[in-house]
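Structure first, then comments.
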Amino acid sequence: MDLKDAPALDRLAAALMQRYGRLDVLIGNAGILGPLSPLAHVEPAAWDDVIAVNVTANWRLIRAMDVVLKRSDAGRAVFLSSGAAASAPAYWGPYAASKAALEALVRSYAAELATTRVRANLFDPGPVRTRMRAQAMPGEDPDTLDRPDQGAEKIVELCLPGFDHNGRIYSYPQKALMEFRPPALLDAP
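So in the working numbering, the last one in the sequence shown is 250, and the numbering has no gaps at all.
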């Protein structure tokens, strides 16, 4: 599915509601790197593409899936972020800005969910052996990186019904479920 196809996301939510009556887990994993370039050299179409996939598509997923998640006994939404959101490295402007926007979006959504059974969190998988990583770091030895399934195990932990944290950012490969950076916590420890 093309995540820039907003009506398709709405149809997906309707199909899930009709078939299952609820959605237990939503993972916002799609993302694109975009150009690694000085900001002044980024073409508007490339900027728009990164924002459309990394931010707008996730907002559309939240918008479409909110009602279906709230029908679950313990709906969980986890969105993948990046350390680039906080570090904002040179030449990574579109990607870093999109991930920072995603973090603000999800933390705001989590605050809205505070009185519900749904929880929304962010997960930074760190350097992972993916095509996107190879595109960003072409000289890096991929065998020195974790496989995607290693981080996925930690994402599963964030989706368990007993995991009640909300509006937090977690990272891997640091200690399992260790907070990466201190967001404004939405639930008291």
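For glycine and all other residues, C-beta sits at the position ideal for the given N, C-alpha and C.
DSSP beta-bridge partners of residue i
i	result
S143	None, per the DSSP bridge assignment.
G89	F140
D207	V189
Backbone CA spacing between residue i and residue j [nearest angstrom]
i	j	result
V114	G154	15 Å
G144	A161	9 Å
R124	E164	16 Å
A106	Y152	17 Å
D204	R190	8 Å
A197	L94	8 Å
R72	D127	14 Å
I230	K215	12 Å
Exposed unless 16 or more other CB atoms sit within 10 angstroms - verdict on residue i
i	result
M62	exposed
A75	exposed
G223	exposed
M193	exposed
V217	exposed
G200	exposed
Anticipated Cβ contact below 8 Å, residue i with residue j, distance rounded
i	j	result
D85	R137	7 Å
Beta-carbon contacts of residue i that lie in its chain and below 6 Å, excluding the five residues immediately before and after
i	result
M78	V129
R178	A135
Same chain, Cβ closer than 7 Å to residue i, neighbours up to 5 away in sequence not counted
i	result
N119	G89, F140, L163 and L166
C220	V86, R137 and V139
Y81	none
D66	none
T259	No answer is possible for residue 259: the residues shown for the chain start at 62 and end at 250.
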